[in-house]
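Everything on this sheet refers to the single structure shown next.
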Amino acid sequence: MKGSIIILFCLFTFFITCNALDNINTTQPLRDGETLVSERGEFEMGFFNTKGLPQNRYFGIWYKKISYGTVVWVANRDNPVANTSGVVTVTSKGIVVLAKETKVWSSNSSTSVNNPVAQLLDSGNLVFRDKNEDGPESIIWQSFDHPVDNFLPGMKYGINFVTGMERYISSWKSDDDPSPGDFVYRFDPKGYPQVELRKGSNLTYRTGPWVGDRYSGIPKIPNDIFTVQYVLSEKEVYYTFEITNASESAIARSILTPQGDLQRLTWNKQSQQWTNYLSLQVNDCDTYRLCGGNGVCNINNAPRCECMQWFHPKFQEAWSAADWSGGCTRNNQLDCAKGEGFVKVPGLKLPDTRLSWYNLSLNRNECERWCLNNCSCMAYSHTDHRGSGSGCLLWFDDLIDMRGYTDDGQDLYIRMAASDLDERKSSSTNRVVVIVLPLLAAMTVIFVLILLYAFRKRKLERTGTMRLGYNGHATEAINKDELDLPLFTFMQIAEATNGFSFSNKLGEGGFGPVYKGMLDKGQEIAVKRLSKTSKQGIDEFMNEVSCIAKLQHRNLVKLLGCCVEEGERMLIYEYMPNRGLDSVLFDKELCKSFDWPKRYNIINGMSRGLLYLHEDSRLRIIHRDFKLSNILLDYEMNPKISDFGMARIFGGSETEASTTRVVGTYGYMPPEYAIEGLFSTKSDVYSFGVVVLEILSGKRNRGFKHPDHNHNLVGHAWRRYNEEDRPSMSSVVLMLSSKIELPIPKEPGFYSERNPEKNHSSPSKCETETINQMSITHLAPR
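Each step along the sequence shown adds one to the number in the UniProt record's numbering, with nothing skipped, and position 179 is 179.
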């Protein structure tokens with residue numbers, strides 16, 4: 001057993017001890033090669049090294065029982081010990097790390113004790129105390145006061161205003177280098193305290209102020225795993241969390257990654273891996289000050305930024321060009337005249353509070369009066385939004401970094417000019433007159449329609465099949481035998497996805513969010529749920545159903561069924577655990593294990609899937625959106641083509657067609673389709689060629705940048721050959737499975753980027769362009 005553990009530990013490049021110690025004292029130092037284990041064996045500490053820097057040795061703490069080798073704290077993170085010369089000893093003033101008698105790190109305790117001892121607790125906390133004393137008051141120094149990149153249960157981050165002690169977390173420099181990285185996550189005490197994420201001196205993200213049970217801007221997610229506590233007083237401000245009594249066996253932690261992503265992780269006992277429970281930054285609306293002053297970012301809108309009512313863009317031309325940094329300005333400026341008042345804007349992430357003022361004891365009426373009596377006050381809100389709300393928070397300048405999101409947002413009361421309020425009252429009066437008069441007639445019509453709808457739905461339910469109408473409800477019957485596609489109830493899918501919980505969400509595309517689920521029989525599924533704001537609709541939904549329901553091939557994602565109840569459009573697929581090909585190919589860590597046999601297997605599988613679509617299936621199908629993100633990988637990394645919302649079915653001897661509505665992803669579209677709207681099986685072959693180049697090179701076509709020219713990846717490949725051609729998929733399969741001589745390629749139709757500095761300059765970032773707001777729906781030649 002010991003030998004197996006040693007082998008496993010070497011794989012993580014850490015050193016496993018043969019002698020575990022209970023504590024360190026003055027007579028028993030801890031040498032490199034020995035470790036200290038907590039009482040119940042939850043954590044272990046000693047010297048370790050990483051794969052990337054095997055010559056450097058660090059003194060740290062890691063999990064022992066679970067996730068062995070996952071480091072949670074490092075002492076000498078910016079001063080490593082060379083080779084295995086490290087020793088940890090305890091003096092009367094603290095813990096010291098030595099390298100050949102030279103001090104490289106110490107706990108710098110100011111208090112001396114007669115019987116010093118260092119002890120590793122089962123919480124992961126390393127404490128220095130007097131051996132003859134017990135209790136929290138005996139602790140002179142503890143690692144929990146000096147976190148690194150991990151935030152464990154029982155830790156605090158915050159500021160003690162009396163002692164000046166600040167607890168914060170900072171990222172590693174890289175996954176292999178624990179020295180301080182670029183990102184720091186800490187409290188900003190200016191104004192009403194909030195937590196900020198900075199990259200160097202640049203503010204990149206902030207949580208928003210505490211609103212009673214969470215930070216503003218973070219959705220309210222029910223959980224029974226941990227409880228949180230936020231304390232704000234004259235002496236200190238801090239945040240901490242603890243595992244609940246009902247979930248004593250649960251394990252959770254937060255980590256700030258080297259890339260600046262703050263994640264809340266939980267340990268999955270079944271899969272034996274960490275699961276991302278919550279990420280604070282999930283989309284571009286989390287970018288600090290994206291919409292400038294008085295602008296609101298909404299991820300469900302296109303464009304992202306909008307001005308609140310009675311505001312307009314400060315620089316209209318730049319705003320129209322998607323440069324929102326100038327923000328918004330008022331239609332009518334405030335003059336502190338009589339008649340000014342407030343308008344409630346609901347559902348917001350509250351603005352930046354660094355220039356705010358607060359009082360925790362005022363009620364809403366008092367808060368409004370304080371703001372109205374101060375001519376510089378621009379808006380107010382509560383400090384505690386639970387119940388009817390309490391506390392007072394005032395803003396005195398432009399409102400920065402607001403975001404609109406769901407019903408979990410907070411109410412903000414914006415100060416308005418008297419003329420704006422008069423206009424609002426007049427508009428409200430006119431609206432009442434316009435609405436009330438036809439209301440009775442409208443209610444009568446609606447009542448009749450409801451009766452007709454209920455009668456129609458009941459009739460359709462008896463047939464066992466339904467078709468979705470443009471209004472989002474089941475309306476028109478479908479022949480179930482013709483589709484050969486099972487229908488799921490809304491309750492089945494809701495139960496399978498845990499109520500479409502955030503923790504089950506796999507991602508989001510142009511169609512809408514995708515959730516992981518588990519059916520009653522234990523089958524894993526992926527559920528595509530059409531978003532209400534999606535630009536895709538009934539056409540794309542029914543197109544995908546009609547295309548893929550009749551197809552069966554090992555390199556096509558299997559459609560298990562659909563759901564059209566409760567006004568929903570959902571497609572249920574087999575679950576692909578390794579996600580899209582792009583997420584593996586362009587991941588700095590995952591791509592290291594992406595060897596050439598795997599790449600060849602994926603290319604071969606893609607080609608066979610396309611050949612089936614073009615020539616071997618009952619229908620001839622043109623995919624029209626063939627790209628990396630639409631190639632999903634199963635447990636064995638086998639590729640499966642997905643997303644047939646843009647596909648076209650050819651009938652009979654039809655081989656080519658044209659359209660005035662060009663859809664797809666720029667960079668994968670052939671020139672004749674992008675410019676003239678002509679598409680055929682060769683359109684997919686062009687896209688296939690681009691994907692093959694990306695797989696072989698590990699770089700994106702549009703993100704490719706070369707110092708000698710402005711061509712994309714296709715253009716660069718052309719410079720390496722004389723010509724290029726697009727063969728049929730049957731020829732491609734033959735090329736991949738035999739040793740025939742390949743034909744000389746011909747020049748591609750176009751391959752030069754118009755502005756390589758502006759368009760996708762970073763090849764490592766994910767680029768998703770479909771029929772959503774970033775898609776090209778029409779392209780005309782210059």
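A virtual CB, placed ideally from N, CA and C, is assigned to each residue, including glycine.
Query                                                                                                                                                                             : Result
Just verifying my parser: in three-state terms, what is the DSSP assignment at E524?                                                                                              : strand
Quick check on DSSP: helix, strand or coil for C377?                                                                                                                              : coil
Does the beta-carbon distance from R57 to G33 come in below 7 Å?                                                                                                                  : no
Please say whether Q142 and N125 have beta carbons closer to each other than 7 Å?                                                                                                 : yes
Considering only the alpha carbon of each residue, which of N374, R648, V343 lies closest to A337?                                                                                : N374
Counting only the same chain and skipping the five closest in sequence on each side, list residues whose C-beta sits under 7 Å from that of W324.                                 : L290, C291, G292, G295, C305
Using beta-carbon positions only, say whether G567 and L485 come within less than 7 Å of one another.                                                                             : no
Are the stretch 270-284 and the stretch 385-398 in contact at 8 Å, needing three or more beta carbon pairs?                                                                       : no
Taking buried to mean at least 16 other C-beta atoms within 10 Å of its own C-beta, is F488 buried or exposed?                                                                    : buried
Give the DSSP-derived three-state secondary structure of G677 in the structure shown.                                                                                             : coil
Under three-state DSSP, which class holds residue 786?                                                                                                                            : What is shown of the chain runs 1 to 782, which leaves residue 786 out entirely.
Can you tell me whether V96 is helix, strand or coil according to DSSP?                                                                                                           : strand
What is the DSSP secondary structure of W319, reduced to helix, strand or coil?                                                                                                   : helix
So, for K199: in the same chain, excluding its five sequence neighbours on each side, which residues have a beta-carbon less than 8 Å away from its beta-carbon?                  : D182, F183, G260
Within 10 angstroms of its Cβ, does A252 collect 16 or more other Cβ (buried), or is it exposed?                                                                                  : buried
Any chance the stretch 305-321 sits against the stretch 354-372, with 3 or more Cβ pairs inside 8 Å?                                                                              : no
What is the DSSP secondary structure of D411, reduced to helix, strand or coil?                                                                                                   : strand
Are the beta-carbon atoms belonging to T244 and K156 less than 7 Å from one another?                                                                                              : no
Going by CA-CA distance only, name the one from R386, L350, F59, I66 that's closest to R40.                                                                                       : I66
Kindly list the residues whose CB is nearer than 8 Å to the CB of Q333, restricted to its own chain and excluding five residues on each side of it in sequence; keep chain order. : A417
Within 8 Å, do at least three Cβ pairs link the stretch 104-117 to the stretch 130-146?                                                                                           : yes
Is DSSP giving E540 helix, strand or coil here?                                                                                                                                   : helix
Nearest by alpha-carbon distance to L633: which of L581, A647, G605 is it?                                                                                                        : L581
Evaluate the contact criterion for the stretch 575-592 versus the stretch 615-624: three or more CB pairs, one atom per stretch, below 8 Å.                                       : no
Would G404 and N298 qualify as a contact pair, given that the criterion is a beta-carbon distance under 7 Å?                                                                      : yes
Whole angstroms are fine: how far does the CA of T497 sit from the CA of D587?                                                                                                    : 27 Å
Measuring alpha carbon to alpha carbon, tell me which residue in Q492, G512, I450 is nearest K521.                                                                                : Q492
In three-state terms, what does DSSP make of S106?                                                                                                                                : strand
Assuming M45 and G60 form a contact by the criterion Cβ under 8 Å, report the distance between their Cβ atoms to the nearest whole angstrom.                                      : 7 Å
Take I95 as the anchor and find which of S107, L30, E101, L152 has the nearest alpha-carbon.                                                                                      : S107
Beta-carbon within less than 8 Å of L519's beta-carbon, same chain only, minus the 5 sequence neighbours each way: which residues are those?                                      : Q492, A496, I525
Look up V445 in the DSSP assignment and give the residues it is bridged to.                                                                                                       : None; V445 has no bridge partner.
Give, in chain order, every unbroken run of the alpha helix (DSSP H) that is at least 4 residues long and sits entirely within the stretch 278-305.                               : none
Around the Cβ of N268, are there at least 16 other Cβ atoms within 10 angstroms (buried) or fewer (exposed)?                                                                      : exposed
In whole angstroms, what separates the C-alpha of Y573 from that of R214?                                                                                                         : 35 Å
Under 8 Å by Cβ, that's how I've got D352 and D286 pegged, so tell me the actual separation to the nearest angstrom.                                                              : The pair is not a contact, with the Cβ atoms about 13 Å apart (cut-off 8 Å).
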